[in-house]
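Inspection log for the structure reproduced underneath, given as structure tokens.
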Amino acid sequence: MNDEINHEAWRDRVGREVLDAVRQGNVREVQRRLEEGLPSNWQDTEGCSLVFLAAFHRQWDVVDALLAHGASIDLPDRRGWTPLFWAAFNGHADIVSFLIGRGADPDLHTEDGEWPLFWAVYKGHTAVVRHLLIGGARRDLLDEEGHDMLWLARTLKRRDIIAMLER
1 MNDEINHEAW
11 RDRVGREVLD
21 AVRQGNVREV
31 QRRLEEGLPS
41 NWQDTEGCSL
51 VFLAAFHRQW
61 DVVDALLAHG
71 ASIDLPDRRG
81 WTPLFWAAFN
91 GHADIVSFLI
101 GRGADPDLHT
111 EDGEWPLFWA
121 VYKGHTAVVR
131 HLLIGGARRD
141 LLDEEGHDML
151 WLARTLKRRD
161 IIAMLER
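Going by the numbering used here, the first residue of the sequence shown is number 1, and it counts up by one from there.
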């Protein structure tokens, strides 16, 4: 029993230290932890991976270090959101561009059947839509009612997005 408690306390301490290093962009500390055996796909209690957190904080060098150690760029959290899905949903075009450039899959669906391009179109994130399309996002995917992204853009009167989708 004490071993379990000590192990849990150690995991919490290590987790906090790694999260601080990721937030601060301390690549050396993150690399040191990885070399000491920290799993590159470590996730917090919400399922957020280190790649997810590094991308959120725009710590590009940390993301690259994690990927070099075998971390998945598409590891979803407990809701099924990948870092790319989160960035697209929230309109962070710079993060979307970075993740696409590192190989993130623009067509991965959440458990609810949602995907990055759907939310970018729905929320009117024009720059995000552009990056997703350049990154190879499929325009022909259908929502649960059988509608494609062009239908959605037309329904919401997103003229700039309609023009991109019609190309």
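Virtual Cβ for every residue (Gly too), placed ideally from N, Cα, C.
The stretch 151-165 contacting the stretch 110-125, beta-carbon criterion three pairs below 8 Å: yes
Under 7 Å Cβ to Cβ from Leu99, same chain only, skipping five residues before and after it: list those, please. Along the sequence shown, one-based indexing puts residue 99 at 99. Closer than 7 Å at the Cβ level, and outside the excluded window around Leu99, lie Ala55, Ile73, Pro83, Leu84 and Ala87.
Going by other Cβ atoms of all chains shown within 10 Å of its Cβ, with 16 needed for buried, is Arg33 buried or exposed? Position 33 of the sequence shown holds residue 33. Buried, by the Cβ-count rule.
Helix, strand or coil for Leu49 per DSSP? The residue given as residue 49 occupies position 49 in the sequence shown. Leu is not the amino acid found at residue 49; the sequence shown has Ser there. Three-state DSSP puts Ser49 in a strand.
Go through its chain and collect everything with a Cβ distance to Val22's Cβ below 8 Å, but skip five positions before and after it. Translated into the one-based positions of the sequence shown, residue 22 becomes position 22. Closer than 8 Å at the Cβ level, and outside the excluded window around Val22, lie Val30, Leu50, Leu53, Ala54, His57, Gln59 and Val62.
Span separating the alpha-carbon of Glu4 from that of Leu133: Sequence index remark: in the sequence shown, residue 4 carries index 4 (1-based). Sequence index remark: in the sequence shown, residue 133 carries index 133 (1-based). Here the model assigns Glu4 a pLDDT of 43, short of 50, so the residue's position is not dependable and the matter cannot be decided.
Ordered along the chain, which non-local residues of its own chain (more than five positions away) have a Cβ less than 7 Å from that of Asp160? If you number the sequence shown from 1, residue 160 lands on position 160. Once the five neighbours on either side are set aside, the close Cβ partners of Asp160 are Thr126.
Does the distance from the C-beta atom of Asn41 to that of Gly80 stay below 9 Å? As a working note, residue 41 is residue 41 in the sequence shown. As a working note, residue 80 is residue 80 in the sequence shown. Taking 9 Å as the Cβ cut-off, Asn41 and Gly80 do not qualify as a contacting pair.
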